[in-house]
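Written below as structure tokens is the structure these notes are about.
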Amino acid sequence: MSAGDVAGLIAAVAFVLLVGLLAVPLVKLGRVFDEATRSIREVTEHSVPILDEAATTVASTNDQLVKVDTITTAAAQVSENVSALTGLYAATLGRPLVKVAAFSYGVRQAFAGATRKARGEDAGAGR
Numbered sequence: 001m002s003a004g005d006v007a008g009l010i011a012a013v014a015f016v017l018l019v020g021l022l023a024v025p026l027v028k029l030g031r032v033f034d035e036a037t038r039s040i041r042e043v044t045e046h047s048v049p050i051l052d053e054a055a056t057t058v059a060s061t062n063d064q065l066v067k068v069d070t071i072t073t074a075a076a077q078v079s080e081n082v083s084a085l086t087g088l089y090a091a092t093l094g095r096p097l098v099k100v101a102a103f104s105y106g107v108r109q110a111f112a113g114a115t116r117k118a119r120g121e122d123a124g125a126g127r
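Here this note's numbering is used: position 9 in the sequence shown is 9, and no number is missing along the way.
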């Protein structure tokens, strides 16, 4: 064996050790990629049902909002009808009631004045 053969043999062994040392991180990197692939697959499998549930919830919420809109519209119509009825009541019965109240007030004041006069005359006559 010559010095060149020994040098070649040492170089070959060094190259095998270098490849062996580099193979370990590459194998570990391959395992990391496998785990990442598995994790992505699991996330995808769990995400699809969640997205389906979310879509169902949004559809149900939209149905409920349509019902709430119907109720709100009906309440607005009732409010308008009550306002119109109040205006009609005020126009139909309000003015005559005010007139009756004013008339009764005037009659009470007249009777009170007549009563005071009668008492004043009776009190003055008795002296």
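For every residue, glycine included, the Cβ atom is placed at its ideal position computed from N, Cα and C.
Separation of residue j from residue i, as counted between CA atoms
i, j, result
"V6", "F15", "14 Å"
"G8", "L22", "21 Å"
"F103", "A74", "42 Å"
"T92", "G120", "43 Å"
"E150", "I71", "With the chain represented from 1 up to 127, any question about residue 150 goes unanswered, as that position is not in the structure."
"A59", "V48", "17 Å"
"R108", "V100", "12 Å"
Coil, strand or helix - residue i by DSSP
i, result
"S2", "coil"
"A125", "The predicted model places A125 with a pLDDT of 48, which falls under 50 and marks its position as unreliable, so this point remains unresolved."
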